[in-house]
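Trainee: Here it is, the structure, as structure tokens.
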């Protein structure tokens, strides 16, 4: 009896494998890594949640697919006043919102009220939606919007003016970020009347190329094409996110055709993907940096020579080869080479354990020296395996007579303790949000070096700080570039960090996927993608 | 699972039956004195040699058990003499030989089982890993047995509130799925080897407590205990000297099988990244660390799993043999 | 019987209360903070952290939080997940059918294979078949199932291409709204050709992995229980009377031998739910096991508390039912 059951089951399996029903509709399955928290990007901080909301929504201005360039979105055009304090957006006309799966039907097109509502929700505590779904608008606050914004005014139905308290060069790029996603005020009012405002963040209604169909936690998210999309109906009829946390399983699914695009492959599988006939391996240098910070408040790391010696002690090439396994390039500067103002002339420290040993001795460091080396317990876009890197560093340091004790904490706790400066040395990294160099350099600035700040080396160099502070207020890119180039020279010389790597984002897609583009921000976008 | 539930269920089987069947298997470690005189005799002249030999002859009849014992001894020797046997240090990284295949798949004899993602010798790590895994298994077993005896006897002897509290706590522990509880304990205490041991002990404690209690209660109603009580034997002495030895057989069996369960549970924790921390070569952690290589370098993943499987099978074989030899009731199974 | 019933039920009540208390306290002893855990590299300003903690009520005295929680529980309110802001009970009810479906299939797999194997092994005691079954059972009983799952995926799905890799459904070809949450039933209700087959195909590997240990336990238990019964006088008598061996085994022995097996099957619930944690992690199975693990990582107190409470309640209830059934089948106990 049992044998028969197994046979039937196997037969059923083969049936689905070989005799799948023919479908006219084009369905693209994307193997994503986790469940979104909800579908309102303003409330979230993770790429997973942003990716889940992105098919449904638009922003006023947007990043061009596959690049960091800011292009028009819901705003057709914009003008910046001479003093840089006023940005006026001309809104696109005739943009339709989706119908919600909960019975909502829009009666009007997108207009200025929706923009005002979107920002009021994050900004004004008296907005009826301010407290809905926890009301933690992390990005809005982190990007300094409450301090920056003076007012947002509706000039007419299709014109909106942002007034700033001071000029801010990265403002436009900020508005292209996911948190600035534009919602429907009419939908919000509809739900308020219905007495179910929490649905606003669970059942998304937007203007985007796909409309939301269904979400089953930890299993699947479904979208269908929005035929009325303002840039034209998408080539795909259905878009499906298959939530698959394990990268090995994701690749296995891709191989079998159970999904077409997958996020974050195992570095170990990349070599195999390159030769896999079913797979098109796309890549793009990531907008990120992984670093190992030396806490300059803890001796012996207060000495520049010691930090330099540690820079020479680690075999960076081996880390790139064995941990990143090709999916990364050794980092020299604290910003990735894809960002403007990257200084090509800065030279990295050579791997030279003998010299490092001598420098340590010259600096008066007695061996064996006991230090701690912190590694984060989670995989990050810029660092596939901090633990393995830590183990390699530990082994390299042992050759210098340095005993590194590996330390880790739960992820939130880890970052907090590092910001408090409890570590001697520790790994972390950063992923760029908007492509502006300041978005990276502030990590080494003096304001961030305070206790609890994000400067984990607690390194405050007055010359460096003066340069980046000055660069922030100038709008001329060439001038800013010069300042940032100097800043990079100082960082290398003073060595608060051992710059580990910039990861390369690899995204395997199946051969039948047409025109998929890898985003330097690690976004996943499916408008403009087709299936052969 | 089958074993401890069979003993824990309200039916007074198990130890009580030992006597009835022991005749068919010759005398076994479970002496059943029926008078005070016999107790006195048992205490002054412990009948060590005969029962041991009888046990061994019963045990050695079972070829599987002997095989299991041999494998366990082999692994124990590897663990004890790891520094002498292992070809390399477990944490030494051979950067030029990263992810070398094992010798049967085209590798070299320098690294018979290949190397891992950091160029560490897999064979050496497995050998050192035996220390960790057996260490975890033994520590969990010893602590649980000790605590199980104390709590189980306390519950059996004091009855009343002590029994209710102890047994309700044990019910509570059993109600939470073992791995979830272990994870919760590790999450509270932080991941480390020691805390793995604590977590696994907490999870497996109830079966020992319940077993000791059930066996002790069964013994308590026997004549020799009543007689000892009448003769004025103190409570502590009654608990540990009079009753305990007669509850030992099922406990020993449970303890042996408990080692293998503890190893599996600890490996599962290691697999979820909550066990031993780097560069400790714990088998479960080795497996978790190298999971990504299942396609490109399968030996790094397969070998630690195989090591866990072989060790656990060997211990279980041995445990089965122990049970057969010590517990004739279950002999026929 | 009735007295026994009430006694057992009464005994579970304090367990529930203690469970509530212990989960509440344990969850809060876990270092870290649900808000900190989700902020990433960016971190969070202390003022905003304080504000958000206040909004979640995390800054109030723990005893007050506990009273609120207990009060909520009495009204069937398990609180709201900190991460997703949806009610914990709702999340549990969405995810639990997946776990239940997998557990039932695993148990069916274990029983359907384990009982006949155990019976045959007992009848043909000492044969090659017996030894094979017992060796396999021993290996199954000793299996690190997380490793076993990985190997099976590699071999069955990737190398042989027979089974799907992970998930519950073929997402490219089929789509239907969940009605019951059980994919097997929903796929039948959907009336889409092949959907049921796809659902079955997705269940095969996870069921095998989750069913491995129960299979081994059941096979061993059946064999030993069967051997015991076969040795009993009445079976010997039946044999001596010249009844056909099939009749003896099938009619007389099996019925009695299965009593302890049924208990063991019932008691596998805990094992299954614990195993589900690993199996769901490996197969991207959207069930409660994986959900609990993630809740720990995210310090999602309400989800964690509620999840542990609900799962434990199920284990307690099933054990209670098994106990009662056992008493019902086996009248000897009532006198004990």
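Chains as they are written, first to last, in my numbering: chain W, 28 to 559; chain L, 61 to 393; chain H, 73 to 408.
Backbone N, C-alpha and C fix where the C-beta goes; we use that ideal spot for every residue, glycine too.
1) Report the start-end ranges of each alpha helix (DSSP H) in the region 475 to 524 of chain W that is 4 residues or longer and not cut off at the edges.
2) Let's test the definition: count the other Cβ atoms within 10 Å of the Cβ of residue 401 of chain W and tell me whether it reaches 16, buried, or not, exposed.
3) Using a Cβ-Cβ cut-off of less than 8 Å, give me the residues of the region 430 to 459 of chain W that come near chain H, in sequence order.
4) Leaving out five residues before and five after residue 205 of chain H in sequence, what residues of the same chain have Cβ atoms less than 8 Å from its Cβ?
5) According to DSSP, simplified to helix, strand and coil, what is residue 203 of chain H?
6) Excluding the 5 residues flanking residue 246 of chain H on each side, which residues of the same chain have their C-beta closer than 8 Å to its C-beta?
7) Grouping DSSP H, G and I as helix and E and B as strand, with all else coil, what is residue 268 of chain W?
8) Apart from the five residues on each side of it in sequence, which residues of its chain come closer than 7 Å, Cβ to Cβ, to residue 373 of chain W?
9) Would you say residue 251 of chain W reaches chain H, if we count a Cβ-Cβ gap shorter than 7 Å as a contact?
10) Taking a cut of 9 Å between CB atoms, which residues from the region 235 to 252 of chain H lie near chain W?
11) Among residues of its own chain, excluding the 5 on either side of residue 534 of chain W, which ones have a beta-carbon nearer than 6 Å to its beta-carbon?
12) Using C-beta distances below 6 Å, list every residue in its chain close to residue 168 of chain H, excluding the 5 sequence neighbours before and after it, in chain order.
13) If we ignore side chains and look at the alpha-carbon of each, how far apart do residue 380 of chain L and residue 232 of chain H end up?
14) Report the residues of the region 339 to 358 of chain H with a CB closer than 9 Å to any CB of chain W, ordered along the chain.
15) Since residue 336 of chain L and residue 192 of chain L should fall inside the 8 Å C-beta cutoff, what is the C-beta to C-beta distance between them, to a whole number of angstroms?
16) Taking C-beta pairs closer than 9 Å, name the residues in chain L that residue 107 of chain H reaches, listed in chain order.
17) Give the residues from the region 166 to 194 of chain H that approach chain W closer than 7 Å (Cβ to any Cβ), ordered along the chain.
18) Counting only the same chain and skipping the five closest in sequence on each side, list residues whose C-beta sits under 6 Å from that of residue 311 of chain H.
19) In this structure, how does DSSP classify residue 251 of chain W when only helix, strand and coil are distinguished?
20) By the criterion of Cβ-Cβ separation under 7 Å, what are the contact partners of residue 214 of chain H in chain L?
21) In three-state terms, what does DSSP make of residue 256 of chain W?
22) Helix, strand or coil for residue 186 of chain W, going by three-state DSSP, please let me know.
23) Give every residue of the same chain whose Cβ lies closer than 7 Å to the Cβ of residue 270 of chain W, excluding the five residues on either side of it in the sequence, and list them in chain order.
24) Using a cut-off of 8 Å between C-beta atoms, extract the partners of residue 92 of chain H located in chain L.
25) Among the candidates W:465, W:154 and W:363, whose CA atom is the shortest distance from the CA of residue 311 of chain W?
26) According to DSSP, is residue 74 of chain W helix, strand or coil?
27) Would you verify that the beta carbon of residue 156 of chain L is, or is not, closer than 7 Å to some beta carbon of chain W?
28) Let me know if residue 119 of chain H comes out buried or exposed under the rule of 16 or more other beta-carbons within 10 Å of its beta-carbon.
29) Which value, in whole angstroms, describes the spacing of the CA atoms of residue 125 of chain W and residue 557 of chain W?
30) For chain L, find out if any of its Cβ atoms is closer than 7 Å to the Cβ of residue 349 of chain W; answer yes or no.
31) Which of the three DSSP states is assigned to residue 94 of chain W in this structure?
32) Measure the Cβ-Cβ separation of residue 79 of chain H and residue 169 of chain W and say whether it is below 7 Å.
33) Based on the DSSP output, what are the partners of residue 289 of chain W in its beta bridges?
34) With DSSP as the reference, label residue 87 of chain H as helix, strand or coil.
35) Tell me, to the nearest whole angstrom, how far the beta carbon of residue 87 of chain W is from that of residue 202 of chain W; I am working on the premise that it is less than 8 Å.
36) Quick check on the DSSP output: the alpha helix (DSSP H) that includes residue 156 of chain H runs from which residue to which?
Mentor: The short version:
1) 489 to 500 and 504 to 521, all fully within the region 475 to 524 of chain W.
2) buried
3) 436, 437, 438, 439, 440, 442, 443, 446, 455, 456, 457 and 458
4) 189, 190, 192, 193, 291 and 295
5) helix
6) 259, 262, 264, 266, 267 and 270
7) strand
8) 359, 360, 515, 516 and 519
9) no
10) 235, 236, 237, 238, 239, 240, 241, 242, 243, 244, 245, 246, 247, 249 and 250
11) 309 and 545
12) 360
13) 36 Å
14) 352, 353, 354, 355, 356, 357 and 358
15) 6 Å
16) Taking a Cβ-Cβ cut-off of 9 Å, residue 107 of chain H has no neighbours in chain L, whose nearest Cβ is about 17 Å from it.
17) 166, 167, 184, 185 and 188
18) Contacts found: 320.
19) In the structure shown, the three-state DSSP call for residue 251 of chain W is strand.
20) Per Cβ cutoff of 7 Å: 320, 369, 372, 373 and 376.
21) The answer is coil: DSSP assigns residue 256 of chain W none of H, G, I, E or B.
22) strand
23) Correct list, in chain order: 59, 61, 62, 245, 246 and 247.
24) The premise fails here: residue 92 of chain H is roughly 10 Å from chain L at the closest Cβ pair, so nothing lies under 8 Å.
25) Considering only W:465, W:154 and W:363, the residue with the shortest C-alpha distance to residue 311 of chain W is W:363.
26) helix
27) no
28) With fewer than 16 Cβ atoms within 10 Å of its Cβ, residue 119 of chain H is classed as exposed.
29) Our two residues, residue 125 of chain W and residue 557 of chain W, have alpha carbons roughly 22 Å apart in a direct line.
30) yes
31) coil
32) In this structure, residue 79 of chain H keeps its C-beta atom at 7 Å or more from the C-beta atom of residue 169 of chain W.
33) W:58
34) If DSSP states are grouped into helix, strand and coil, residue 87 of chain H belongs with the helices.
35) 5 Å
36) Premise fails: residue 156 of chain H is in no alpha helix (DSSP H) and is neither H nor E.
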